[in-house]
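Notes to accompany the following structure.
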Amino acid sequence: MECLLYSIVGENTGIKTQFDNLEKARSWGFKVPSVAKISNSIDDVLEFVNYWDVHRHELPYETDGIVVKVNSLFQQAELGFTAKAPRWAMAYKFKSEQVSTRLENISYQVGRTGAITPVAILKPVELAGTIVKRASLHNADQIEKLDVRTGDWVYVEKGGEIIPKIMGVDLSRRVQDSDKSFYINSCPECKSTLVRKDGEAQHYCPNDMGCLPQIIGRIQHYISRKALDIEGLGGETVALLVNEGLIRDYADLYELTTDQIIHLDRMASKSADNLVNGVQASKQVSFERVLFGLGIRYVGETVAKKLAKHYKSIDAIACANTMDLILVDEIGDKIAQSVVQFFDNQENIHIINKLKSFGVKLESSADAALISEKLKGKTFVVSGVFEIYSRDELKKAIEENGGKVGSSISSKTDFVIAGDNMGPSKLEKANQLKIAIISETDFKQLLDD
């Protein structure tokens, strides 16, 4: 096993550029990619990309592309992040390697939301350094579009060099009497009739409370790292607990005892104690992460934070109607309807009541509440390098005192908190819009008044 380091993260490192970051890590003895290069123009970048598109197989590891980054760490901080990616980096993906192999069968998997995913079972073939036996066919429309049939020879490549997918069919090798593939109409696990809503690509099993893969998937999501992150409990153990009849929902986890689970396969005394203790410790996990862990469709990590911050408790969210929810920042009609539908289900309410009885956090704790409302109704943009606060500390202080942090300057911005080396474009825009520019000392004074 080999690890290549690509960045150093920390406060007051004295490092000012991405490239210096790599050099410092190398001087400390870390393994760092030797092919990183500073480019001074887009032509330099394209030349680098074109070279490694041809020579990448000479590297001692597999790679699926190149990441182009802004070199200045200050400028990286200014550009910031979206909810999912940095604005200061862009990935270029190489054209994927493609091979041909035989499609032996099509199977169907059931996800935690009931979504049915067709999977191509392939004659094993080597692709981009690994043996590929399965590839996703995505949905009924994709099967129809490709007209893929059992026995066909198909072209397979890895999306981003990671996930195998079928790109087409070699019709010249198709046998004359092959049968057209028809999408299943009942769940492969519980035999419930599948449904497909207007405007959606996937079919769903509606038996969410009785279909075993959905039950297992929801509990696995609940214990995942960004949700409850329960120590000592993994996905395989969840499946084992469900199959043994010890749990049927995530609330049942809190009733597990060491005596119940110690006799399970690969469960020693210490492992059993760790699992039970890990479950009990999860009662201290914040409300926003518990809300994410409930697995409400379309409610991801960011949306869960928005809802938790706005409503403060599970009961308040449960009482909200679609229009109430839409009025929350970044909550659209699709998400709002899904939330309402979740709380209209009495089985979900029953599970939530069980979680309450076990002491799981289903409301914002006192230390998560606002310190004050001094900044209520005010939007701030933070720009530059600071001495009293870090940028994250400034943003936290704004939110804890009722303010809102903006990612860019607009007519809705009330204050720009400017540090050293504030971006000139931001300074110009703030002046054009006649927005108040204050220092971190001025901001501290706002809080102290």
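Going by this note's numbering, the first residue of the sequence shown is number 404, and it counts up by one from there.
Note that the Cβ used here is the ideal one computed from N, Cα and C, for glycine as well.
In the DSSP output, what is residue i paired with across the bridge?
i	result
R537	I524
P567	K561
P489	F484
Q512	T520
I820	V785, I841
T596	S589
G468	K496
Buried or exposed: where does residue i fall if 16 or more other Cβ atoms within 10 Å of its Cβ makes it buried?
i	result
K561	buried
K673	exposed
Q579	exposed
D795	exposed
Q744	exposed
C406	exposed
T485	exposed
S786	buried
I699	buried
Q749	exposed
K472	buried
Y714	buried
P567	buried
Q501	exposed
Out of the options, point me to the one whose CA is closest to residue i's CA.
i	options	result
Y586	K781, A428, I519, V808	I519
I441	K434, Q421, Q683	Q421
G514	S810, I774, P609, S581	P609
I509	M570, A523, L728	A523
K807	L615, H541, K798	K798
Y351	N724, G517, L574	Look at the range of the chain in this structure, 404 to 852, and you will see that residue 351 is not part of it.
S685	I626, F433, M670	I626
S828	I812, D817, E843	I812
A439	I418, L462, G417, W431	L462
A719	K757, I734, F761, L765	L765
N542	S503, W491, I569	I569
L836	D852, D845, L850, K815	K815
S437	L408, I633, G417	L408
T782	K759, H624, S767, G809	G809
L574	D550, P591, I565	D550
Kindly list the residues whose CB is nearer than 7 Å to the CB of residue i, restricted to its own chain and excluding five residues on each side of it in sequence; keep chain order.
i	result
K847	I791
V788	F477, G822, D823, N824
D676	T661
G805	L773, S775, E776, K777, L778, K779
I546	P521, L540, S584, Y586
N474	T420, Q421, F422, I441
R576	W556
G532	E465
Note down, in chain order, each residue of its chain lying with its Cβ closer than 6 Å to the Cβ of residue i, except the 5 sequence neighbours on either side.
i	result
S410	N424
V452	I469, Y495
K536	L525, P527
I840	V819, A821, A833
F761	Y657
L678	G635, L636
Given residue i, which residues of its chain have a CB within under 8 Å of its CB, disregarding the five upstream and five downstream residues?
i	result
L649	D655, L659, Q663, I664
L643	L667, D668
D582	R552, T553
C593	C608, N610, G613, C614, L615
R505	L525, K526, G554, D555, W556, V557
Requested in this report: Would you list, in sequence order, the uninterrupted alpha helix (DSSP H) runs of no fewer than 4 residues that lie entirely inside the region 701-738?
Outcome: Within the region 701-738, the complete alpha helix (DSSP H) runs of at least 4 residues are 704-714, 717-722, 725-729.
Query - Continuous alpha helix (DSSP H) assignments of at least 4 residues falling wholly in the region 634-707 - result: Taken in chain order, the unbroken stretches of alpha helix (DSSP H) that lie wholly in the region 634-707 and span 4 residues or more are 638-646, 661-664, 672-684, 690-696.
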